[in-house]
Each structure stands twice: as structure tokens, then as C-alpha cells.
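With positions in the sequence shown counted from 1, the corresponding number in our numbering is that position plus 20. Every residue gets a Cβ at the ideal spot worked out from N, C-alpha and C, and that includes glycine. Keep in mind it's a predicted model, so treat the numbers as computed, not measured. Reading through the C-alpha cells given below for one structure.
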Amino acid sequence: MATIIDAHGNCLKIKVPITATEIMLDEPRHVVSLVQLIRKTGRIPVMKADEELLVGEVYLVVLASRAHCKVSESEMVMIDSACEKRRQK
């Protein structure tokens, strides 16, 4: 299973294998980004459409207009909060 944090901060468990395309089809005008890379770069990198989500990883679904943008402090707080709730379950 992989975890998706949607645009509202909700955590969803997703069975893998699944590609970023499949997630984006369910969320039009959104892209998928690996949280680990967001933390490392401070930006929102975009997964390639044919990339598969990995077991145990956490992904963020954001508006496509936010692709490659710098992550704000409030967005990082939301990501960290969602990840913390995931760990407590």
C-alpha cells in the first residue's frame, strides 16, 4: 500500500501497483508528487505519468498549477500533520 494525501489533507491508502496517471484520472487538473522529494527540495516535483507509486511511500496530490513551485510553510505543516496522523493509526 502507498499513502496519498489529497488536496484537502486527507490520507488515503492506495493499493499498488498503480501509476500516477491512474491517480490523475481520478483527480483532474492535479499532479502527484513524492513527499520525500518535497521535503528534500522544498519544491513540488511532478511524477511522470507512467511512474508507479511505491509501497510504503507517501504522495501528495496537488493542483497542476503548483507543479515545481516552492512549498510554503503552511503547506509543509499540512503535509507533516497528515503524515503524523498516518503514523498514529
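V97 classed as buried or exposed, judged by whether at least 16 other C-beta atoms fall within 10 angstroms = exposed
Cα-Cα separation between L45 and A69, rounded to whole angstroms | 10 Å
S92 - DSSP class collapsed to helix/strand/coil = coil
Ordered along the chain, which non-local residues of its own chain (more than five positions away) have a Cβ less than 8 Å from that of L21?
-> It is worth fixing the name first, because residue 21 is Met in this sequence and not Leu. If we look at M21 and ignore the five residues flanking it on each side, its Cβ neighbours are K33, I34, K35, V36, V75, G76.
Looking only at its own chain, which residues have a Cβ that is under 7 Å from the Cβ of R63, when we skip the five neighbours before and after it?
-> H88, C89, K90, V91
Helix, strand or coil: which one does DSSP assign to R86?
-> helix
7 Å Cβ shell around L57 - same chain, five flanking residues per side excluded = P65
Return the bridge partner residues of T23 from the DSSP annotation.
-> K33, V78
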